[in-house]
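For the sequence shown, this note's numbering begins at 10 and goes up steadily by one. For glycine and all other residues, C-beta sits at the position ideal for the given N, C-alpha and C. This one's a predicted model, so the numbers in the text were calculated from it and none came from an experiment. Everything below concerns the one structure shown next.
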Amino acid sequence: ISPSRISTRFTTFTVPRILDVTQPRPNLLVSIVTRVVVCGVVLGVGILVAVVLTATGPTAARVEGGVAAAKIRVLRVPSIPVARRWTGYGTIRSLDAATIPSEVVSTVESIPGDIEAGVAVEAGRLIAKLRPFDFLEQLSVIDEQLAEVDAEIDRLKTESEILVRRREIVERELEIISEDLDRVRSAADRGAAVDREVDSAEQRLLVARRAVVGLDELASLLPVRRSAADARREGLLASRRLAEEQVERCTVVAPFDGVLSDLVVGVGEQVAVGSPIARIIGPERLELALRIPASCRGRVVPGDRVVVRRTVTADPIEAVIARVSPIDDAATRTMTVYVEIDGRDGRIVPGLFVSGTVHEADRRVRSVVPRRSIRHQRVQLVEDERIRSVPVEPLFGFDDPVAGSGLDDRQWMVLAEPLPEGARIVIDASRSLPEGILVESRVVGETSDAGETGR
């Protein structure tokens, strides 16, 4: 193909026609106008319908007359003699509790098979047996030393007897020598003896006297030696008693009747002096260390009634205060009273955390109201069938029904200041009643409507 033909073919392509966007389309303006007109018509119709409905709607009928009074239940506030109550908390512990320690350094040799935690034991029952070999050997050594001391004492007795006989002989010999000296001197005076014979006789007399002095010295030392031997014997006897006691201490027994709460050691374990072996408690005599506010000091005394509760729903346990601690806890601002409890029924066990309410012996007449009638430290009085809200100061609460109140409520509050005599209060303060509103009151317990009583 020749170049001239190629150029001819490319020249035959045409460029598409470009529209002029600057010129408006003829139908766009008509469309905009049409839409505006339609929207205006729709809005106008809606407004017209609303006006027609409002104009033709029914008018609410007016009822002429006064406002109806609200019907409420009220309570005539009872004033009853009530004792001040103080609530506290504490932990039960056993008065008969002991941690049995090891009194010797030894190894646990055996433990009876039926000795486990929770087993009831009697006083003197075997808990564990420690290895007594070392102390038995000490006993053997002490017995040998005692035999040696006893032999020495016997020897001293024999020496004392021999010294007595020897002294008798020496005294007789001294008498003979003295008589012989006298004869020699008499002979010398007569010229029948020379001076050498006199000196020889005197020398024999001195020897005899020296023998007497020696025997007296030995005799005087015998009591000292006997006293030393007796002292050694007493010391050995004391050591023997201690060794026997150590052997007995290898047998660990229960100190009193109770329940084994914990067995600390096992067979083969090494124990030192003071190491715990077992813990035993007596579950019958229990004590509660009850912490109550320190502000009641001087008002709470031994003998005051205490109501102990394990849980909210559990039956209360009656008890009395046995002792009062003489000091207060500055950190918690509490004082401690000790309450003795009989634990034979099994309802209370050592270690249980309980609450207790102390009732003072002094009873005073105070105003009491249901707990639910107080709201924001205020109660609503009904005076001349109108509501008046007054502030109150709750002193303490109690969970017992109030006889003659007409209510079955068990939660009541004692007020610090009494309410007016015969005052009526709204029972349920959950209902908001404006101050001064007119009400129609029904006194619980005084109305013929049985449905109002006790609710």
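Does the Cβ-Cβ distance between Val-276 and Val-113 come in under 7 Å?
no
Helix, strand or coil at Val-130 according to DSSP, with G and I counted as helix:
strand
Mind pulling the beta strand (DSSP E) runs of 3 or more residues that sit fully within the region 291 to 353?
Qualifying beta strand (DSSP E) stretches, in chain order: 314 to 318, 326 to 338, 343 to 351.
Report the CB separation of Val-401 from Gln-386 in whole angstroms; it is logged as a contact under 8 Å.
6 Å
What span of residues does the beta strand (DSSP E) with Glu-118 cover, start to end?
115 to 119
Terminal residues of the continuous alpha helix (DSSP H) containing Leu-245?
204 to 258
Relative to the C-alpha of Gly-291, which candidate in Ile-350, Gln-212, Ile-101, Ala-106 has its C-alpha closest?
Ala-106
Can you check which of these residues, Gly-431, Leu-424, Asp-393, Gly-406, is closest to Gly-445 by C-alpha distance?
Of the listed residues, the one whose Cα sits closest to Gly-445 is Asp-393.
Assigned secondary structure, Gly-267 (DSSP; H/G/I helix, E/B strand, else coil)
DSSP places Gly-267 in strand when its eight states are reduced to three.
Using a 10 Å radius around the Cβ and a threshold of 16 neighbouring Cβ atoms, would you call Asp-313 buried or exposed?
Around the beta carbon of Asp-313, a 10 Å sphere encloses 16 or more other beta carbons of the protein chains shown; the residue is thus reported as buried.
Which residues does DSSP pair with Leu-390 in a beta bridge?
Arg-397, Ile-434
What is the rounded straight-line gap between the Cα of Pro-427 and the Cα of Arg-380?
16 Å
Who are Val-423's beta bridge partners in DSSP?
Val-377, Phe-405
What would DSSP say about Ser-103, mapped onto helix, strand or coil?
strand
Between which two residues does the alpha helix (DSSP H) harbouring Val-179 extend?
142 to 199
Length of the line joining the Cα atoms of Leu-227 and Arg-181
The straight-line gap from Cα to Cα measures roughly 19 Å.
Secondary structure at Ile-56, three-state DSSP: helix, strand or coil?
helix
Is Ala-64 helix, strand or coil by DSSP?
helix
Would Leu-135 and Pro-121 qualify as a contact pair, given that the criterion is a beta-carbon distance under 7 Å?
Cβ atoms of Leu-135 and Pro-121: closer than 7 Å.
Tell me which same chain residues have a C-beta within less than 8 Å of the C-beta of Ile-265, skipping the five on either side of it?
According to the sequence shown, residue 265 is Phe rather than Ile. For Phe-265, where only same-chain residues beyond five positions count, the Cβ hits under 8 Å are Asp-105, Ala-107, Ala-132, Ile-289, Gly-291.
Same chain, Cβ closer than 8 Å to Ala-303, neighbours up to 5 away in sequence not counted
Around Ala-303: Asp-337, Asp-338, Arg-342, Thr-343, Met-344.
With 16 other CB atoms within 10 Å as the buried threshold, where does Arg-375 fall?
That one is buried.
According to DSSP, simplified to helix, strand and coil, what is Arg-384?
strand
Please return the same chain residues whose Cβ sits closer than 6 Å to the Cβ of Phe-362, not counting the five positions on each side in sequence.
Thr-100
Does DSSP put Asp-29 in a helix, a strand or coil?
The predicted model places Asp-29 with a pLDDT of 48, which falls under 50 and marks its position as unreliable, so this point remains unresolved.
Buried or exposed: Gln-279, going by 16 or more other Cβ atoms within 10 Å of its Cβ?
exposed
By the three-class DSSP mapping on this structure, what secondary structure does Gly-275 have?
coil
Helix, strand or coil: how does DSSP classify Ser-450 here?
Note: Ser-450 maps to strand in three-state DSSP.
Going by DSSP, which residues form a beta bridge with Arg-288?
Thr-108, Asp-271
Specify whether the region 201 to 209 and the region 250 to 267 touch according to this definition: at least 3 beta carbon pairs, one from each stretch, less than 8 Å apart.
With the cut-off at 8 Å, the region 201 to 209 and the region 250 to 267 do not touch.
Member of Arg-94, Ile-89, Asp-225, Leu-215 whose CA lies at the smallest distance from the CA of Val-310
Arg-94
Selection from Val-452, Leu-230, Leu-38, Arg-249 that minimises the alpha carbon distance to Glu-146:
Arg-249
In this structure, how does DSSP classify Ile-357 when only helix, strand and coil are distinguished?
coil
Between Val-316 and Gly-365, which are expected to be in contact by the criterion C-beta below 8 Å, what is the C-beta distance as a whole number of angstroms?
7 Å
Report yes or no: do three or more beta-carbon pairs, one from the region 232 to 241 and one from the region 204 to 219, lie closer than 8 Å?
no
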